DNA sequence: GTGAAAGCGCTAACAT
DNA sequence: ATGTTAGCGCTTTCAC
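Protein chains in written order, with our numbering: chain A, 11 to 368; chain B, 11 to 368.
Spelled out as structure tokens, the structure:
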């Protein structure tokens, strides 16, 4: 049903040549048209309900101005603002954005799976991605998360599509990748705790083997080192169960808490981890932040709803998306973009769990 | 840079006619080609890095197989799974999805504004939407939220684009609209409380003038009526400050709680409202669910992280998206779809805040 | 200032 | 089984 009324129709009805109509209707006022004619033609076009065929225009002009964004289904909740950032940036550059969700074949451990509705659809896996990509009228490709399935990378390369990723899981990057500077973020969080005179700072994290986990741990140690506080391995608490969202408390952390009544600060690897941690503290009769200050990472929406509201390192998701699109655009325009990580700094959002407002 | 290598190139290199190449490369194996030739041609095509021009194909075939999804920036966090549902449904029908975020000109009160990063971009408002829509090569239009700016509807109508909305705010619908059955949802929640022998059930809501608010209130009353429990207006607590996410407790609710020590159940209009409510209860030394059972609405991610984890009416977001696409597809195919609401039933997710697991 | 015509890359007749 | 050709709707020389 699209593009029923064509330039020819308008030209006939207006009693002018088809080319004139084209000129009259051009986005930026074409100089070579009598403004009266233009007005008249525009009127007729409106009347007829003319809609330019984007498809014909694209064919003719060899530019489609669209990029494809591939989003793994499982991470949607997470990368949502990043998608929005990419949208916004694309929009500003006159690009359209196509979104293709794809099912993630294991490997990438979803943090949101408790939520995963049983979508019966055969949404593409990385494998079928190969073929489906061919169908996409895009000038470039943005992949969110788990871009590093070698098959996907290979597929994209074969399509000769400029290709940028946003990912903080893979240890090794095969394409230009935009990522939150997790190390700097953890550092910010721990420095904040140190500035509150906390010295026995525990790190509560997961055993998930991911780049961001490694980096956050490094950030923690770096902050301590800079402050001249000795690193104590006993303060690193690893909870293997952090992906189980239904858990109220982590057994590992409970044990740790009982054994170390001396800690005065906790850096949580993720907000999601902070929720059970706060519960444990409450159950233990400890007051946050009076007895113990707690900092999270991500600043997801729930950080605000926790009790007390959680101080957290905010992921610059929106910026991640914008940067990724920017880099992609460079690639599309033929500038060379190096394979490697482009770090985006997060910032600290202070709330009551660290009560800086003394 | 798209579509450099054409059918002609492949045909020349393979020493066959251009039509043969077209047939050989057709998505579904064309019967009229020697399979050997096909194999050979495919090889050559691969070698040359041939990518079909979607744009030419679309022009030729008069079907673009894409729908446009317009998402108001502010509600992204909310409608995220709905977008995914629409994606999935579209994908299953061989449709692509274009996403266009648009800035919402006030009127629609964002629930997420605390999060709103200062995106400097001039992402389209409803007004510029008009023109921008013309540029979108879509066969149909899905609008998420606030579709009822008359200008937007008018614009879409003038484009003669099939048009479906997902919205639970507008009181009056101007286009086919898919929406959660909030009344049934509230009913589920309240019936659950009643089944736990709660009889003094408060309704804590906002003063937001929206369809879903009205409906949830009606659902609350309907459940009470069915159970033969007299409706007590004094148990309706309206907190004008429910949109302020930084608030730890609602003054209105605090007052109410102090004045009514007899209540034994609370139905919260939204999970977001439940967070401060739970805090107030905790501060008042009341135990949930022993003393008071609490039910929320939406079942957003935070429901799981609250303490105790919140029993909540889960919005069928994914299904909302799927249904909306389904309806849109009908419209695209020329079937008539009535202007009106298509209700999708939510379901109750029981957690510890109502401790049904005695 | 305006019209005629070529051609973007593809597919579907219509030949052969 | 394969080649030739017309034409989808548009923009852009090139004439006038």
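C-beta: ideal position from N, C-alpha, C; glycine also.
Everything numeric in this text was worked out from a predicted model, so none of it was measured.
Does residue i have its Cβ less than 7 angstroms from a Cβ in chain B?
i: residue 111/A; result: yes
i: residue 23/A; result: no
i: residue 17/A; result: no
i: residue 337/A; result: no
i: residue 277/A; result: no
i: residue 106/A; result: yes
i: residue 97/A; result: yes
i: residue 334/A; result: no
i: residue 261/A; result: no
i: residue 317/A; result: yes
i: residue 152/A; result: no
i: residue 147/A; result: yes
i: residue 341/A; result: no
Does chain A have any CB closer than 7 angstroms to the CB of residue i?
i: residue 255/B; result: yes
i: residue 90/B; result: yes
i: residue 368/B; result: Below a pLDDT of 50, predicted positions are generally treated as unreliable, and residue 368/B, at 45, falls in that range; the measurement from the model is reported next regardless. Residue 368/B does not count as touching chain A.
i: residue 137/B; result: Residue placement at residue 137/B is poorly supported in this model, since its pLDDT is 46, which falls under 50; the coordinates are not used for a value here.
i: residue 116/B; result: Bear in mind that a pLDDT of 44 at residue 116/B, under 50, signals an unreliable position, so the model cannot answer this.
i: residue 289/B; result: yes
i: residue 64/B; result: yes
i: residue 353/B; result: no
i: residue 285/B; result: yes
i: residue 301/B; result: no
i: residue 271/B; result: no
i: residue 356/B; result: no
i: residue 198/B; result: no
i: residue 194/B; result: no
i: residue 314/B; result: yes
Over what stretch of residues does the beta strand (DSSP E) that includes residue i continue unbroken?
i: residue 241/A; result: Note, residue 241/A: premise wrong, no beta strand (DSSP E); not H, not E.
i: residue 76/B; result: 76-82
i: residue 111/B; result: 106-112
i: residue 152/B; result: 150-154
i: residue 383/B; result: Outside the modelled stretch of chain B, which goes from 11 to 368, sits residue 383/B, for which no answer is possible.
i: residue 351/A; result: 351-354
i: residue 188/A; result: 187-190
i: residue 252/B; result: Premise fails: residue 252/B is in no beta strand (DSSP E) and is neither H nor E.
Tell me whether residue i is buried or exposed, calling it buried when 16 or more other Cβ atoms sit within 10 Å of its Cβ.
i: residue 38/B; result: exposed
i: residue 96/A; result: buried
i: residue 343/A; result: exposed
i: residue 25/B; result: exposed
i: residue 61/B; result: buried
i: residue 104/A; result: exposed
i: residue 128/B; result: At residue 128/B, the pLDDT of 33 sits below 50, so the modelled position is not reliable; the number obtained from the coordinates is stated separately. Its Cβ having fewer than 16 others within 10 Å, residue 128/B is exposed.
i: residue 324/A; result: buried
i: residue 46/A; result: exposed
i: residue 59/B; result: exposed
i: residue 202/A; result: buried
i: residue 191/B; result: buried
i: residue 339/B; result: buried
i: residue 355/B; result: exposed
First and last residue of the alpha helix (DSSP H) that includes residue i?
i: residue 325/A; result: Premise fails: residue 325/A is in no alpha helix (DSSP H) and is neither H nor E.
i: residue 212/A; result: Run containing residue 212/A: none in the alpha helix (DSSP H); it sits in the beta strand (DSSP E), 211-215.
i: residue 175/B; result: It is not in any alpha helix (DSSP H) - residue 175/B instead sits in the beta strand (DSSP E) that spans 173-176.
i: residue 290/A; result: 281-293
i: residue 265/B; result: 261-269
i: residue 308/B; result: Here residue 308/B belongs to no alpha helix (DSSP H); instead the beta strand (DSSP E) covers 303-308.
i: residue 17/A; result: 17-24
i: residue 30/A; result: 28-34
i: residue 347/B; result: It is not in any alpha helix (DSSP H) - residue 347/B carries neither H nor E in the DSSP assignment.
i: residue 223/B; result: 221-236
i: residue 316/A; result: It is not in any alpha helix (DSSP H) - residue 316/A carries neither H nor E in the DSSP assignment.
Can you tell me whether residue i sits near the ligand MG, meaning its C-beta is under 6 angstroms from at least one heavy atom of the ligand?
i: residue 290/B; result: With respect to small molecules bound, the structure shown includes none, and the ligand MG cannot be examined in it.
(request) Please determine if the segment 222-240 of chain A and the segment 191-201 of chain A are in contact, where contact requires at least 3 C-beta pairs separated by less than 8 angstroms. (result) yes
(message) For the pair the segment 303-322 of chain B and the segment 307-316 of chain A, tell me if three or more CB-CB distances fall below 8 angstroms.
(response) yes
(request) Please list the segments of the alpha helix (DSSP H) lying wholly inside the segment 40-66 of chain A, counting only runs of 4 or more residues, in order along the chain. (result) 45-58
(request) Indicate whether the contact test is met: 3 or more Cβ pairs, each with one atom in the segment 247-256 of chain A and one in the segment 170-188 of chain A, closer than 8 angstroms. (result) no
(request) May I ask you to verify whether the segment 282-302 of chain B touches the segment 230-238 of chain B, counting CB pairs closer than 8 angstroms and requiring at least 3? (result) no
(message) Tell me whether the segment 68-82 of chain A and the segment 104-113 of chain A touch, counting them as touching only if at least three CB pairs, one residue from each stretch, are closer than 8 angstroms.
(response) yes
(message) Under 8 angstroms, with one C-beta from each stretch per pair, do the segment 268-280 of chain A and the segment 204-212 of chain A reach the 3-pair mark?
(response) yes
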